[in-house]
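Here is the structure we will look at.
Listed below in structure tokens is the structure:
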């Protein structure tokens, strides 16, 4: 057997270099490079291995381990899970910083390869710097925190273990049924150990998107359900994007004339102005989509996890005679909510389904009804996002909807909007209009504050020709902003709009809705020094990180600033003060947020009474 002597780290990097994928008929490297922040636990091992191939396999240096891992996740999402990045850190705080991002990737089923350094496998120098000792388990390190947030986890305690483990990690990330992050913990001594690796371990391998076909009996049951439906509704999830099934879902909707709605992850699969697109569904949904979902006798859910925001905490599908048909590549998701499962890849399953139901037509009474509902909704969106008469008033605090309207009107078909947490995802789900399937990138499976700026960086890396617009609240900005400097360093221009409402306004609104007093969310209601918390100068801060920036004081100024941002040759940050109280009341549905059963506050008692009434609509 032909062999080559390499360190474990060198073998790992070389194997990654030999993985390819097919996108639009063209072979491209599966890995878009590696993110790395080096410390004593990885600099001499994997750091040296990456340095050897720096001209062929790019290593990107970030400013925060969580930030780089979030960027890697966004890169995979924007590439529709067809390309991946690796992330390496030292043991200790560097590794733990990546755990949050691993949780985000796990929740959103996104492939990221985590390569944290680990303590010595030989245990010779124990306890090494940054080692967390467990008195009853010397095999445990902080990297064990990756176990619950990884689809695949292994600790490489011998260099030859890489031969079996690394291919499994890659296959796990690429299989649509198990897709998510994989973690290989790399003890720093093992990274440097040499082994005679088989040359075959470095043979070129070309991966292709796997498409599992549906079971014949399940397909027949789904066909029968569709043909019997009088009020069907298609519910588009993120799986439609990942399966590259846009043509197929559009064909089902148009040929059978079935109205459709979108989850956060599914948004953009249909152009916003498609006559059968009712828009967002669920807690952050449109009035048209939610009314249709409540009345529908068949909900065809495609590629969605059916999380609580989508189903309005299991209260949305209110027709007592409804059938939920769930098309999903994983049985775990397809079986949720007592659904009729149709397990298979969305693209090929829809092709087979359409061949059997293409003679079916939704009754005109139903499609005409929901179209009328949708016209009312579109008029409501126009009203809340229109430029208000106070657009030039420097004393007027704009709402999120006001700002969304301004930015959306300046965006083009080549723009991608990036967001993640707080009140903005709900507003954007309802109000943002995109005609491009790559135009809307919102992380709401984990609602990870801090994703926005790092995620924008990953989106720009994946699609450098697109204009990337990041909307971020002051809370998320202050949590994780260091990758602004990375974007400037790498020449990856972002347009960033910071909406400063002086606190965690979304949770303050939720706190009040549950009967609580405003407490510890808005800065004015936090424990501060007597003079109050200082107002952050976001424009000055961004400028200090190397970006172009400005503070604007009204919506008219925001319009003009966006013109300057588009003309800028590097990342441009615009800060604007916004109203922390107002949110779009139109549309939406109930969300199950538990209220205390005992309180000395009358508002909480009232809220708990209303909560019990709402719970009666929720099946056990």
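Residue numbers (the UniProt record's numbering): 1 to 620. Positions of the beta carbon are idealized from the N, C-alpha and C atoms, including for glycine.
In the DSSP assignment, what residue or residues form a beta bridge with residue i?
i: residue 664; result: With the chain covering only 1 through 620, there is no way to say anything about residue 664.
i: residue 22; result: 27
i: residue 118; result: 187
i: residue 317; result: None, per the DSSP bridge assignment.
i: residue 135; result: Per DSSP, none; premise fails for residue 135.
i: residue 280; result: 262
i: residue 577; result: 500
i: residue 103; result: According to DSSP, which records beta bridges pairwise, residue 103 is partnered with nothing at all.
i: residue 328; result: 343
i: residue 207; result: 21
i: residue 196; result: 5
i: residue 271; result: DSSP lists no partner for residue 271.
Does the Cβ of residue i have 16 or more other Cβ atoms within 10 Å, making it buried, or fewer, making it exposed?
i: residue 290; result: buried
i: residue 606; result: exposed
i: residue 139; result: exposed
i: residue 136; result: exposed
i: residue 231; result: buried
i: residue 550; result: buried
i: residue 42; result: buried
i: residue 148; result: exposed
i: residue 375; result: exposed
i: residue 380; result: buried
i: residue 199; result: exposed
i: residue 464; result: exposed
i: residue 129; result: exposed
i: residue 532; result: exposed
i: residue 305; result: buried
i: residue 3; result: exposed
Would you kindly work out how many angstroms separate the C-alpha atoms of residue i and residue j, rounded to a whole number?
i: residue 472; j: residue 547; result: 16 Å
i: residue 7; j: residue 133; result: 27 Å
i: residue 294; j: residue 577; result: 37 Å
i: residue 292; j: residue 262; result: 12 Å
i: residue 89; j: residue 116; result: 5 Å
i: residue 257; j: residue 363; result: 9 Å
i: residue 15; j: residue 206; result: 12 Å
i: residue 585; j: residue 613; result: 21 Å
i: residue 76; j: residue 534; result: 38 Å
i: residue 64; j: residue 214; result: 43 Å
i: residue 486; j: residue 1; result: 45 Å
i: residue 324; j: residue 103; result: 29 Å
i: residue 34; j: residue 66; result: 14 Å
i: residue 690; j: residue 19; result: A question about residue 690 goes unanswered here, because the residues of the chain that appear run from 1 up to 620.
i: residue 127; j: residue 97; result: 21 Å
i: residue 275; j: residue 394; result: 38 Å
i: residue 408; j: residue 432; result: 7 Å
i: residue 93; j: residue 165; result: 25 Å
i: residue 597; j: residue 608; result: 6 Å
i: residue 124; j: residue 195; result: 20 Å
i: residue 13; j: residue 253; result: 45 Å
i: residue 113; j: residue 277; result: 36 Å
i: residue 545; j: residue 101; result: 23 Å
i: residue 158; j: residue 51; result: 22 Å
In chain order, what residues of the same chain lie with their CB nearer than 7 Å to the CB of residue i, ignoring the 5 residues before and after it?
i: residue 240; result: 246, 249, 266, 269, 302, 303 and 346
i: residue 603; result: 515
i: residue 79; result: 462
i: residue 619; result: 314
i: residue 611; result: 595
i: residue 623; result: The structure shown does not extend to residue 623, since the chain is modelled only from 1 through 620, so no value can be given for it.
i: residue 218; result: 341, 342 and 343
i: residue 615; result: none
Who are the near neighbours of residue i in its chain, counting only those whose CB is closer than 6 Å to its CB and skipping five residues on each side?
i: residue 396; result: 390
i: residue 9; result: 45, 46, 49 and 191
i: residue 451; result: 70, 420 and 443
i: residue 445; result: 107 and 108
i: residue 495; result: 469, 565 and 572
i: residue 466; result: 414 and 416
i: residue 399; result: 579 and 582
i: residue 456; result: 418, 468, 470 and 494
i: residue 141; result: 118 and 119
i: residue 255; result: 358
i: residue 377; result: 286, 287 and 288
Below 8 Å on the Cβ atoms is my contact criterion, and I expect residue i with residue j to pass it. Report the Cβ-Cβ distance as a whole number of Å.
i: residue 357; j: residue 418; result: With 8 Å as the limit, residue 357 and residue 418 do not qualify as a contact, their Cβ atoms being about 37 Å apart.
i: residue 311; j: residue 587; result: Not really, about 16 Å apart at Cβ, beyond 8 Å.
To which residues of the same chain is residue i closer than 8 Å at the C-beta, ignoring the five residues directly before and after it?
i: residue 210; result: 174, 175, 176 and 345
i: residue 406; result: 387, 555, 558, 559 and 562
i: residue 623; result: With the chain running from 1 to 620 in the structure shown, residue 623 is simply not present.
Taking only beta-carbon positions, decide if residue i is within less than 7 Å of chain C.
i: residue 599; result: Of the protein chains in this structure there is only one, and it is not chain C.
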